[in-house]
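Report on the structure given below.
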Amino acid sequence: MDGPSYHGHAGHGGSLQKTPSMDEQMRKLVPGKVTEDDHLIEYDALLMNSFMDILEDLHGEEMREKVHFCFELASACQNAEPDDVDKKLEELGEVLKNLDAGDAIVVASSFSHMLNLTNLAEEVQIAQRRRVKLKKREFGDENSAITESDLEETFRKLVNDLKKSPTDIFEALKSQTVDLVLTAHPTQAIRRSLLQKHCRIRDHLSQLYKKDITSDEKQELDEALHREIHAAFRTDEIRRTPPAPQDEMRAGMSYFHETIWNGLPKFLRRVDTALKSIGIKENLPYSVPLIQFSSWMGGDRDGNPRVTAEVTYDVCMLAKLMAANLHLSKIEDLMFELSMWRSSDELRARVSELVAAEKKGVKYYMEFWKPIPPSEPFRVILGEVRDKLYKTRERYRQLLATGKSDIAENDTYTSKEQILEPLELCYRSLCETGDKPIADGSLLDTLRQVACFGLSLVKLDIRQESERHSDVMEAITQYLELGSYKQWSEEQKQTWLLSQLRGKRPLFGQDLPASDEVTEILNTFRVISELPPDCFGAYIISMATAPSDVLVVELLQRECHIAQPLRVVPLFEKLDDLINAPASLERLFSIDWYHKKINGRQEVMLGYSDSGKDAGRLSAAWQVFKTQEYCVKVAQKFGVKLTLFHGRGGSVGRGGGPTHLAVLSQPPDTINGSLRVTVQGEVIEQCFGEELLCFRTLQRFTAATLEHGMQPPRAPKPEWRELMDEITPIATNEYRRIVFQEPQFVKYFRSVTPETEYGRMNIGSRPSKRKPSGGIESLRAIPWIFAWTQTRFHLPVWLGIGSAFQYAIKKDKRNLQLMQEMYREWPFFRATIDLIEMVFAKGDPKISALYDKYLVSDDLQEFGKMLRSKYEETRNLLLLVAMHSEILQASPTLQQRLKLRDPYITVLNVQQVHTLQKIRNEGHILSSIKSPVSSRSAAELISLNTTSEYAPGLEDTLILTMKGIAAGMQNTG
């Protein structure tokens, strides 16, 4: 197994190419180390060597050589002179398009898996680098201090540099809340079964490089790593059917079981430790809602007909069942730990009550558990908690299965306060008897878990489009012979809605004639009324434009007898909606009934995805920035505390980007210790896929939110605002002119990208379009971004920006210096430019041109050349503004990572182009396989898809290239 490795480093697996000359050639193609603690190339080589050995075992040496040859050609493209790149891509294309069906699947699957392995190597490297820096800091090397969202460093910075008192920091934390909202937006291309295997691969790789590992342990880890890579490669990457909303919920909730449940108390302990480092001896109170979790999985019905009232009921019961299971397990562990006999008078009195009740026939323990003697008082108290949790779990299980339960609700827990009460009693007793260090152990962790997760694990948001609520009102007003609600003016709507809200008479009964769609909406409100209030968080109204949109939901909640109405949150998405949001809020707050009802608190959601699709990235980002400022001013005018809910996606085109940058680039006074943000699709895995990622995510959000509040970012200068207000309309007009007004655009878009094939991936329960027959305007932001990401062109992110910058510089040359000043001094502008620059680093116009060559008709070729010319122009202007001589000049680590993965993505891009060409040329005609498949395993792969309407293997090959490119770009949409 020793010898030259895949990337020219000694590895644990066999060599990919065994001739020394090839090894020397490969050395030139691999990026070098960036820092002393950089082991990325070693990690990657180890995984690749192991994978290539597995590939050879399963599919033969010839297949191994084919994969290697493709990699070599793609690497040559990366390092070739510009004039030679096209030739190399053509040579690679000839190899890939002449593969037989089975081999094509194996090659696509191989490169997809290798990109996933590269991602895992990067994650291990990031974790390792962090550990090294932390150790250096512990030994006094301040140059290695981690400043990005590290709690201790943030605290010290606030105390030493900004002269904030430790008490001020402590008080700020006690009033701070970050609510992370997990959504099931269809962007997670990797199946859950593979994600679990990837988690084990990551763990094994991390352990292999520990310094104290023995030779026996190393061999066992080597074998385990090889085994997991083998199992991952043998797992079908393709979802053969779309997931149901319940499946999405189960996948999302699995992160709680695997990392978040135990990760939260560990993180809060780190908060306590960081506070001690600045002199605060007191722990953060367990009841502080520093981190909260919510979900849209099974509640987001905007454009998803598969999310029904029944689905919402199911996911709430599933979450409650999981929460009861987790709490029950924790209490059982706590019973073993709290074995003390010394206790307070208060606790002994409670034990005496339980023992006395037991003598009267009221047992404080289940029949199948051994009675606990009074000499173990904490176990007596916890035993009652355990038994009641057991009944709670069984009740939820029965309700989920049959809708009925023979366990009375009074015998179960119905609120988290009921669980907290006996735990608080135990905590007080331990503190009173001198055992506070014990109280601050697992018991404090349990209190924090109960306080955070409650009995529902997460609070489910409901989201529905405003037009659907108008449909309900239309049915009601027509039935009452009041006319057409939809044809009323906004003033008429408000007047009528308020008259109903102030009245006491029911508006409609069970006999209301309604369509299936209207009935479904009313059923959703009825499910909310039937389930416990702790199941739900907010009611989000998408495409909200006016106060009546909010009042309708308030009225429907009352009419459906919801005892504790959900807070109603308007979502402003498109550019015009964002512009009009402050005025809409002002009209809403001016309504006396509503102003009294909200009790000084309002939440507003801002949409990054649809605004970016509507106006382009630069204009959307600037309008979201301004909308936040104006909405906060309106709220302050009416004495309302505003919480802004950021609907960020994973990709830059949908508002994504590094957490620290995203938080600290928000306008001053817009967070104020209260932040709500979506965590979508594959970003959930990136944030919570393993314990260290979970810890880092919680720390980043907490530290950045605290820093934003105690050290608000710099407000933009008037001349910066003036320039942004002047250039963003130029960017918007250019973007809209091409995307929505250019007659050739739609045909070009659907020809050059795999947009029409997106649905074959089955990565979400929601349709890709709001209206099946609609055009670009009805296409959701996720497949819109996905399609351009696949071709490495990223048009939605950069289009229009070049025209805006060019306009500014041509108008006044001093504007270039002004924009450079903005980049240096304004966090918002710098973050925006840096993220767009990162997208250019992932882009490749040569690859985009290849899609044009094979997929676009002759009459559209010039259109594609024009867009690529704008791409290059924008790229050069961006570098000029950022004062960089090359893309990612300031980030050599990211340069290295992108260069490492580029050859794998290039192979998949070329294969995707030729596969799309075959699919589109053949249409629905089944063609014969060009040559016999090379192995039985390859033939078996073809047989997995028995429903394809295309030639054998084509559809699976295409899907595998899409998944692989998504893995390589590290986002789908």
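To convert, note that position 390 of the sequence shown is 482 in the working numbering; the numbers rise steadily by one, no gaps.
Ideal placement from N, C-alpha and C gives every residue a C-beta, glycine not left out.
Since His738 sits in a beta bridge, which residues does DSSP pair it with? Leu698, Val769
Taking the beta strand (DSSP E) that Arg659 belongs to, which residues open and close that run? 659-664
Since Lys551 contacts Phe628 with CB under 8 Å, what's their CB separation in whole angstroms? 6 Å
Residues in the same chain with beta-carbon distance under 6 Å from Met816, minus the five sequence neighbours each way, listed in chain order, please. Trp714
Would the segment 779-795 and the segment 347-361 be scored as touching if the rule is three or more Cβ pairs under 8 Å? yes
C-alpha distance - Arg679 paired with Gly692, whole-angstrom precision: 15 Å
Buried or exposed for Leu574, going by 16 or more other Cβ atoms inside 10 Å? exposed
CB Tyr899 to CB Ile822, shorter than 8 Å? yes
Kindly confirm or deny that the segment 879-886 and the segment 837-849 touch, where touching means at least three C-beta pairs closer than 8 Å. yes
Cut-off 6 Å between Cβ atoms - residues of its own chain near Asn1001, not counting five sequence neighbours on either side: Ile939
In the DSSP assignment, what residue or residues form a beta bridge with Glu557? Ser634
Gly1056 and Lys962 look like a contact to me (Cβ under 8 Å); what is the Cβ gap, rounded to whole Å? Between Lys962 and Gly1056 the Cβ distance is about 28 Å, and since that is not below 8 Å, they are no contact.
Is Leu274 helix, strand or coil by DSSP? strand
Would you report the Cα separation of Asn615 and Ala401, rounded to the nearest angstrom? 6 Å
Counted within 10 angstroms of its Cβ, other Cβ atoms place Lys255 as buried (16 or more) or exposed: exposed
Can you look up Arg361 in the DSSP assignment and give me helix, strand or coil? helix
Enumerate in chain order the residues of its own chain whose CB-to-CB distance from Pro466 is below 7 Å, with the five nearest sequence positions on each side excluded. Val443, Val447, Val472
Within a Cβ cutoff of 7 Å, which residues of the same chain sit near Ala172, ignoring the five residues on either side of it in sequence? Lys180
Here's the rule I'm using: 16 or more other beta-carbon atoms within 10 Å means buried, otherwise exposed. How should Met958 be labelled? exposed
Whole angstroms is fine: what's the gap from Phe664's alpha carbon to Pro808's? 23 Å
Need the endpoints of the beta strand (DSSP E) that Ile383 sits in, please. 383-387
Flag this pair as yes or no: are the beta carbons of Phe161 and Tyr996 separated by less than 8 Å? no
Since Tyr405 is in the alpha helix (DSSP H), which residue starts that stretch and which ends it? 401-429
Just checking: is the beta-carbon of Leu614 within a distance shorter than 8 Å of some beta-carbon in chain C? The question asks about chain C, but that chain is absent: this structure has only one protein chain.
Pairwise C-alpha distance: Leu1008 and Ile1014: Per the sequence shown, the amino acid found at residue 1014 is Glu instead of Ile. The alpha-carbon atoms of Glu1014 and Leu1008 are separated by roughly 10 Å.
Which listed residue (Leu698, Arg393, Glu818, Ser386) has its alpha carbon closest to that of Gln556: Arg393
My assumption, with CB atoms under 8 Å, is that Asp136 sits in contact with Leu784. Please give the rounded CB distance. Between Leu784 and Asp136 the Cβ distance is about 19 Å, and since that is not below 8 Å, they are no contact.
Quick one: Cα of Ser1020 to Cα of Val199, how far? Below a pLDDT of 50, predicted positions are generally treated as unreliable, and Ser1020, at 38, falls in that range; no measurement from the model is reported.
Excluding the 5 residues flanking Gln720 on each side, which residues of the same chain have their C-beta closer than 8 Å to its C-beta? Leu698, Leu736, Gln758, Pro759, Thr762
Hey, would you say the C-beta of Gly781 is under 7 Å away from at least one heavy atom of the ligand SAH? Summarising the ligand content, the structure contains no ligands, and the ligand SAH is consequently not present.
Compare the Cα-Cα distances from Ala219 to each of Ser298, Glu186, Arg248, Met206 and report the closest residue. Ser298
When we look at the beta-carbon of Gly232 and count the other beta-carbons within 10 Å, is it buried (16 or more) or exposed? Residue placement at Gly232 is poorly supported in this model, since its pLDDT is 44, which falls under 50; the coordinates are not used for a value here.
Assuming Ile819 contacts Ala896 (C-beta within less than 8 Å), just tell me the rounded distance between them. 4 Å
Residues bridged to Leu552 (per DSSP): Ser387, Phe628
Roughly how many angstroms lie between the CA atoms of Lys934 and Leu980, to the nearest whole one? 10 Å
In chain order, which continuous runs of the alpha helix (DSSP H) of length 4 or greater are located wholly inside the segment 561-606? 582-594
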